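Single-structure report; data block below.
Chains as they are written, first to last, in our numbering: chain A, 129 to 576; chain B, 25 to 384.
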C-alpha cells in the first residue's frame, strides 16, 4: 500500500499542475503540504476500514443533499408547524463542540497547564472539524443552498446588526479562520523545527478563546431572541449553552485523547485528561442545576409558556414522542455527573469514557432535539403536532457527522504526525523512510 | 410588458404547451452552451444575457428558458434594484410564467401608494367560520394545491365557548385536604390561541363555538423581518410585509420568529395546476413561488395597490372583514378603530399589528 501511494505521489509531483502550485506556494509550504498529505493517507487496515465506512455515510449525505437541492426539503419530516428539525438541532449542538475545544486551549495558554499545552493544537483541529460540520448542516437545512451567495459580502446583503443568523455566520466563519490560522501556523513552525513567533501566535490564541465564547453565545441568541417561542425565550439560554458545551466538548475530547493514547504513539498525559474531566464535572453540575431551575420556574405556576417544557417532560394531549428522550438524557447526565464526582471513578480510565459517552449523548439530546422541538410544539397558535425525522434526514445527519469525523481524522492524524516529529522538514519522504512509521521514536514512553 | 408577449403560448407547435415548461426539449443545444458560457465568463453582464434570452425568445427558440432562468438566478434583491432592473426582472418572469402556465401572465410592480397605510379589521362576532376567505385566498394568491391540504395563509381557529359547572364547584386541589389552593370548576373559557383549525362540521356556525380567523398581522414592528439574514423580507411603505421570493435563501428563521404562525415554506416545488393559476400577479405578491422559499399574506398587494379589496374581504359572506387606509380618518378601518372596541393579538410582544379584531 505504501509503495502504491508513494508511486502515485511521485507521479503527481511531476505533473505540471503540481509544479505550478509548488511555485506559487514556495518550496517549504508545498513540501509541508505534501509531507502532511502523504503521512495522512498512509495507514493500517483499520484506518482504511474506518475511512471507507465514513465514505459510505458521506455517500448518503451526497445523495440526500442532491435530493434536497433538486426536489426540495419535502423528504424530511419537517412541516409548517415544526419547520426546523434534526439539522438545526445538530448545528446547535456542534457549535457547542466547536466552542468546547477552548477547554484545552484556555488552561493551556492562560493557566499554563503543561500537559494540555503540549496537545493544544489537537483542540484547534477539533474546532475546525466541528465548524465545518456546522456549515454542512446549514447547507442541508437551507431551502435554497444555491442562493448562499446572497450572504456573501459586497455581492450579497448582510442584515446587520439585526439578524442573529447573520452574526452567527460571521462569528462561525471567523472562528474557523482563527483556528485554521492558529492551528496550522503552530504545525508549520513545528514542522520546520522553528520556534513560534509569540507576538503573532499568542494574540491569535487569546482572541480565539474569547471568540469561542462568542460563537456559542450568538447561537444561543439565535433562538433566545424570539418571543414567539417561549421555550427558547430565556435569558438563561446563553450561559446554559456555554456550560453544556463545556461539558459535551471535553467529553468528546477525552474520548479522542484516550483513543489517541491507545492507538497511536502520541502519549497524552494523565494530567491533561484529569484537567478535562474536572472541567466536565463542574460544568455538568452547573448544567444540571440550570435545568432544575428551569423546571421549577416554569412548572411552579404552569403558564401557557410552559407548555413546551410540559410536552417535553410529560407529553401533552397524548403526544409524548420526546418524553423518553428527556428522561433518558436527564438520567445519562446525572449518572455521568455522579461518576465524575467520585475521584476514584473519574481517574479510572475504563470508567471515565462511559461517563464521557453518557454526558455527550445526554447533552446532544438535551440541547439538540430536546430544546428545538418543544420550541415548535406547541406552535405559536397552540397547536400540538408531531415531528419524526425521516430515514433520509437521519442518513443525511449521519453523513454530515461522517464528513466531520473524516475531516477530524485527517486533521488529527496530520497533527499527531507533526507532534511526533514524523512529519518534519528535511525528513522528506523517500523510499528509505517509508517504513519509519512502524519504528517507535525515542520519545515514546514505555507505558504505552 | 405586453411587448414581451411573443411566446405564443397557445400555439400547438410550441412543445412546452402541455408539459408545464419543465420538460422542454432543447434542439439547439449549441446556442444554449454558447450563451451560457459567455454568461458565466462575466456574471456582471446581466442585461446582455437577458437580451440574449429575449433575442432567443423572439426567434421562438426553446433555449430562451435556460437564459431566463440564469438571469433570474443572478438578479439582486428587488428592493435595491433600479427601476429599469425591476422592470426587466418582471418582464423575465412574465415570459417564464406565460410559457409555464400556457396563458398570458402579468407581473405587476406597482410601488407603495402615497399617503396610504393599509389596515385590516375583523368582526369576531360576525365570523361564522365558513372558511370561504381561506379558499378565496388560495385561489387568488396561487398557493400550492394538494390532495390532502392546500397551503393556506388564513387559518380559522375554532374555540369552544366553554362553561363553568356547579357540580365541579368543590373540585379544588389538593383534593380532600379542606383548604384549596386552586379550583377546577371550569372548562376552557375564553381561551385565546388554543383553537382548533382542522374542524369539519356539517354546518357552520356551530352552537358552542366562536371563530377567530388569523393570517399575517402585517406588524409595524415585524419580528420576522428583523431575523432575516439577507433582508429578503421587508415592510413596504404602505404597510404590508412582503418577500422577494427570488432572494430568499430558505433559512426559515422568519417562520421561527413569527408569533402568529403566518408564514409557510415550500417544502417542494409548488403544485399549481395551469387552469387554476391566477394570471394577474404582483412581483411581491401572488406570483408563483418556487421550492425552498417562504411565502405569506401580503394584503393581496396585487389587488389593493390597484384599488381593489383583498380577496378575503370580497368573499366574506357576513361582512366580517374590513379593509382600508389607516391614514384616512374616513376609511372603514379608521372609523372602526375610532368607534368600536378593538383588540389585537399578542401585542405584548411589541409587534404592533395592523390587523384589528373588533365587536359591535
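The C-beta atom is built at its ideal place from N, Cα and C for all residues, glycine as well. These numbers come from a predicted model, not from an experiment.
| query | result |
| --- | --- |
| Using DSSP bridges, identify the partner residues of residue 132 of chain B. | B:306 |
| Closest Cβ-Cβ distance between residue 280 of chain B and chain A: below 9 Å? | yes |
| Of all Cβ atoms in chain A, is any one closer than 9 Å to the Cβ of residue 322 of chain B? | no |
| Give a yes or no on whether 9 Å exceeds the smallest Cβ distance from residue 1 of chain B to chain A. | In this structure chain B extends from 25 to 384, so residue 1 of chain B is not present and cannot be described. |
| I want to verify the contact list: residues of chain B whose CB lies under 7 Å from the CB of residue 138 of chain A, in sequence order. | The premise fails here: residue 138 of chain A is roughly 36 Å from chain B at the closest Cβ pair, so nothing lies under 7 Å. |
| Whose C-alpha, out of B:109, B:121 and B:93, is nearest the C-alpha of residue 305 of chain B? | B:121 |
| Report the residue ranges of all alpha helix (DSSP H) runs contained in full by the segment 235-314 of chain A; include only those spanning at least 4 residues, in chain order. | 242-269 |
| Is there at least one Cβ from chain C nearer than 9 Å to residue 428 of chain A's Cβ? | In the structure shown, chain C does not exist; the protein chains are A and B. |
| Measuring alpha carbon to alpha carbon, tell me which of B:143, B:134, B:127 and B:117 ends up nearest residue 354 of chain B. | B:143 |
| What do you get for residue 301 of chain A, buried or exposed, if any count of 16 or more other CB atoms within 10 angstroms of its CB means buried? | exposed |
| Distance, Cα to Cα, residue 522 of chain A vs residue 214 of chain A? | 8 Å |
| So the candidates are B:359, B:313, B:160 and B:281; which of them puts its Cα closest to the Cα of residue 124 of chain B? | B:313 |
| Could you check if residue 470 of chain A is buried or exposed, using at least 16 other CB atoms within 10 Å of its CB as the buried criterion? | exposed |
| Please confirm if residue 481 of chain A has its CB atom under 9 Å from at least one CB of chain B. | no |
| Around the Cβ of residue 170 of chain B, are there at least 16 other Cβ atoms within 10 angstroms (buried) or fewer (exposed)? | exposed |
| Tell me which residues of the segment 425-454 of chain A have at least one Cβ-Cβ distance to chain B shorter than 7 Å, keeping chain order. | none |
| List, in order along the chain, the chain B residues whose C-beta lies closer than 9 Å to that of residue 357 of chain A? | 280, 281 and 283 |
| So for residue 184 of chain B, helix, strand or coil by DSSP? | strand |
| Does residue 277 of chain B have its Cβ less than 9 Å from a Cβ in chain A? | yes |
| In angstroms with no decimal places, state the Cα-to-Cα distance between residue 283 of chain A and residue 276 of chain A. | 11 Å |
| Between B:315, B:283 and B:309, which has its C-alpha nearest residue 503 of chain A's C-alpha? | B:283 |
| Using the C-alpha atoms, what's the distance from residue 200 of chain A back to residue 261 of chain A? | 21 Å |
| Which class does residue 288 of chain B belong to by DSSP, given the choice of helix, strand or coil? | strand |
| Who are the Cβ neighbours of residue 164 of chain A in its own chain at under 7 Å, not counting the five residues just before and after it? | 542 and 551 |
| In angstroms with no decimal places, state the Cα-to-Cα distance between residue 256 of chain A and residue 119 of chain B. | 46 Å |
| Round the Cβ separation of residue 530 of chain A and residue 189 of chain A to the nearest angstrom and send it over; I've been treating them as touching at under 8 Å. | 7 Å |
| Kindly list the residues whose CB is nearer than 7 Å to the CB of residue 306 of chain A, restricted to its own chain and excluding five residues on each side of it in sequence; keep chain order. | 332, 335, 336 and 339 |
| Specify, as a first and last residue, the run of the beta strand (DSSP E) that residue 233 of chain B falls within. | 233-238 |
| Would you call the segment 466-485 of chain A and the segment 173-190 of chain A in contact, with 3 or more CB pairs under 8 Å? | no |
| For a contact meaning CB atoms closer than 7 Å, what does residue 270 of chain A contact in chain B? | 273, 274 and 275 |
| Name the chain B residues that come within less than 8 Å of residue 199 of chain A, Cβ to Cβ? | 292, 293 and 315 |
| Following the continuous alpha helix (DSSP H) through residue 164 of chain A, name the residue where it begins and the one where it ends. | 155-169 |
| Bridge partners of residue 267 of chain B, per DSSP? | B:257 |
| Could you check whether the Cβ of residue 261 of chain A sits closer than 9 Å to any Cβ belonging to chain B? | no |
| Going by the DSSP bridge assignment, what does residue 366 of chain B pair with across the sheet? | B:382 |
| I'd like to know whether the C-beta of residue 253 of chain B is nearer than 9 Å to at least one C-beta of chain A. | yes |
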